[in-house]
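The structure appears right after this line, and notes come after that.
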Amino acid sequence: MAAAATRRAASSLASRCLLSRPAASPAAVPSALRRADGARGLLPGLLQRFGTAAAAEEPISPSVQVSETQLLINGKFVDAASGKTFPTLDPRTGEVIARVSEGDAEDVDRAVIAARKAFDHGPWPKMTAYERSRILLRFADLIEKHNDDIAALETWDNGKPYEQAAQIEVPMLARLMRYYAGWTDKIHGLIVPADGPHHVQVLHEPIGVVGQIIPWNFPLLMYGWKVGPALACGNTIVLKTAEQTPLSALYVSKLLHEAGLPEGVLNIVSGFGPTAGAALASHMDVDKIAFTGSTDTGKVILELSARSNLKPVTLELGGKSPFIVMDDADIDQAVELAHFALFFNQGQCCCAGSRTFVHERVYDEFVEKSKARALKRVVGDPFRKGVEQGPQIDDEQFKKILRYIKSGVDSGATLVTGGDKLGDKGYYIQPTIFSDVQDGMKIAQEEIFGPVQSIFKFNDLNEVIKRANASQYGLAAGVFTNNLDTANTLTRALRAGTIWVNCFDIFDAAIPFGGYKMSGIGREKGIDSLKNYLQVKAVVTALKNPAWL
1 MAAAATRRAA
11 SSLASRCLLS
21 RPAASPAAVP
31 SALRRADGAR
41 GLLPGLLQRF
51 GTAAAAEEPI
61 SPSVQVSETQ
71 LLINGKFVDA
81 ASGKTFPTLD
91 PRTGEVIARV
101 SEGDAEDVDR
111 AVIAARKAFD
121 HGPWPKMTAY
131 ERSRILLRFA
141 DLIEKHNDDI
151 AALETWDNGK
161 PYEQAAQIEV
171 PMLARLMRYY
181 AGWTDKIHGL
191 IVPADGPHHV
201 QVLHEPIGVV
211 GQIIPWNFPL
221 LMYGWKVGPA
231 LACGNTIVLK
241 TAEQTPLSAL
251 YVSKLLHEAG
261 LPEGVLNIVS
271 GFGPTAGAAL
281 ASHMDVDKIA
291 FTGSTDTGKV
301 ILELSARSNL
311 KPVTLELGGK
321 SPFIVMDDAD
331 IDQAVELAHF
341 ALFFNQGQCC
351 CAGSRTFVHE
361 RVYDEFVEKS
371 KARALKRVVG
381 DPFRKGVEQG
391 PQIDDEQFKK
401 ILRYIKSGVD
411 SGATLVTGGD
421 KLGDKGYYIQ
431 PTIFSDVQDG
441 MKIAQEEIFG
451 PVQSIFKFND
461 LNEVIKRANA
471 SQYGLAAGVF
481 TNNLDTANTL
491 TRALRAGTIW
501 VNCFDIFDAA
511 IPFGGYKMSG
521 IGREKGIDSL
531 KNYLQVKAVV
541 TALKNPAWL
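Going by the UniProt record's numbering, the sequence shown opens with residue 1, and the numbers climb by one from there.
Written as structure tokens, this is what we have:
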């Protein structure tokens, strides 16, 4: 895809409410792909709708080559100190894509030493802000140049639809880098008045060596949310990728060095949480830790920080977001948006609208139309054009979702549609809907992280506010209404970090994102994200016979 077309697609998708679903187009293969079965190809009729064997398709083989599988330390790709590797799997089949170097505590030490040297003695923190911005801008250009290959690698390793990766997520990564490139020379301090003869400067300084741990559901975007602000502020980084999806971060980090990033500024350690992740969070020479993932793991990160050097922590954690449909809503649009809010990215989204509250006057109509929409959802090989839903990330998540579905049935919720796996190969699950869901049910309280929509009934505004807020989470919420007073009441009453009104999943670079309660600490993106990576220093100098104060 040409860079200009990519930017236009990203801008269009990010600026609207995404009420329309992708069309089930003929099975044209993107330019970065080739057919696994040579000249025969695969017929358009094999696009799988829910209810048929999605995994029966012969998987399309990506043409992108896996070139980077080692750790990135001090500007070089190197093996793990132990020599160990681990497999990263194709979610479509469960087969091995590549073996990746498995970092552990010794490798984290090597990476931290490189990052500390780069911060204390290297050119990055001492480089002018303008020069740092130019490197980030060159990086954005390279991301656009390699858009199709990056997207193919992300789809291959993660299972998300190629069209989603190529037209939304990779362009958003480039946009994030340009956004933070623009911030590099806008970070400044203050001169503040004192109650006496003193000159007072408030300096905003880079915090130092930053540890970052990213999840598997949006590997590239979480890379951008973490790396962008940290580099803009002049820090150096040790980043641990999720063990399920290590490939795209290694690929784009090579491009970042090609753009001119000095050695040691960004180090990538692939590995597992109990070894590499724990070593990073508890490291005495790491000045700050940022983590995105589950709430339970976030608690461990916070504890490890406290037990080591009390490094500051930002956490973007789980959610159980309400999506509220009022009785004045256009039901067809509400059904489409609620469908998108839950099923986007195979339901593997921390802010998914996983508690769909619908006013009793329109409840039955909403449930029936939601069922019809789910039955039309195109499930299949994520490399195939028109596919809306690929496989879940891995066997563990696949089985966890199926256990939640069984729990919903056992607890008395009505299984409207779905409820089972699709096919005999890979980790495909039918788009699933429950109605008559009660607040005390497990599927109503816990984060499922899969394609399972739970629909609740309510009868007045005060009731739905109380029930929507009765959760340990507070990451996001959706409101669908044509009444401005109702929208204003809900947006102020709902205890969540982001409220989307008549839209959902709008993630512009300038919009802060983070949660209330057990959904996290701090904010990603926007001006607020810079605060995570800066120290504030007051410098007070005595003045002799000042002309003014």
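C-beta atoms are modelled at their ideal positions from N, C-alpha and C, and glycine is treated no differently.
A straight-line Cα-Cα distance of about 7 Å links T241 and A249.
Three or more Cβ pairs drawn from the segment 57 to 76 and the segment 257 to 269 lie within less than 8 Å of each other, which places the two stretches in contact. As a beta-bridge residue in DSSP terms, D90 pairs with E95. One alpha carbon belongs to R523, the other to A341, and they sit about 21 Å apart. Assignment of beta-bridge partners to N267 by DSSP yields V238.
Counting along the chain, G318 sits inside no alpha helix (DSSP H), nor does DSSP assign it H or E at all. The Cβ-Cβ distance between A140 and R116 does not fall below 8 Å. DSSP places I213 within a strand segment (E or B) once states are collapsed to three. Residue state for T155 is assigned as helix, using DSSP reduced to three classes. Here the alpha carbons of V479 and F366 stand approximately 15 Å from one another. Note on geometry: alpha-carbon atoms of L137 and K76 lie some 22 Å from one another. Nearest Cα to P431 within the set G208, V379 and L261: V379. Shortest Cα-Cα distance from N217 to any of G298, C350, K421 and V64 involves C350. Relative to S67, the option among S253, A413 and V200 whose CA is nearest is S253. In terms of Cβ geometry, D157 and T88 form a close pair [threshold 8 Å].
Judged by DSSP in its simplified three-state form, L261 adopts coil rather than helix or strand. Counted as a single uninterrupted DSSP element, the beta strand (DSSP E) harbouring F434 occupies residues T432 to S435. Closest option to K376, judged by alpha-carbon separation, among F357, Q389 and P59: Q389. Two segments are said to touch when three or more pairs of C-beta atoms, one from each, lie closer than 8 Å; by this definition the segment 520 to 538 touches the segment 231 to 238. A direct Cα-Cα distance of roughly 11 Å separates D485 from R492. Comparing C-alpha distances from C503 to each of L402, A509, V335 and H198 shows the shortest one belongs to V335.
When secondary structure is reduced to three states using DSSP, P171 falls in the helix class. By the Cβ-count criterion, K320 is buried, with 16 or more other Cβ atoms from all chains shown falling within 10 Å of its own Cβ. Contact annotation, I443 with S454: C-beta distance approximately 5 Å; criterion of less than 8 Å satisfied. In this structure, the CA atom of N545 is about 10 Å from the CA atom of H198. Inter-residue distance for L255 and L142 is about 7 Å (C-alpha atoms, whole angstroms).
Per DSSP, reduced to three states, the secondary structure at Y428 is coil, with no helix or strand assignment. Here T155 is buried, its C-beta having at least 16 other C-beta atoms within 10 Å. Rounded to the nearest whole angstrom, the C-alpha separation of G450 and I429 is 8 Å. A residue is called buried once 16 or more other Cβ atoms fall within 10 Å of its Cβ, and V202, having fewer, is exposed.
The Cβ atoms of L494 and A477 lie closer than 8 Å to each other. Contact annotation, A80 with E102: C-beta distance approximately 5 Å; criterion of less than 8 Å satisfied. In this structure, A279 is the residue among G293, G298 and A279 with its C-alpha nearest to the C-alpha of S308.
For G515, the closest alpha carbon among the candidates I433, Q472, R403 and G497 is that of G497. A118 and V238 have their C-alpha atoms spaced approximately 11 Å apart.
Assigned with DSSP and collapsed to three states, W183 falls in helix.
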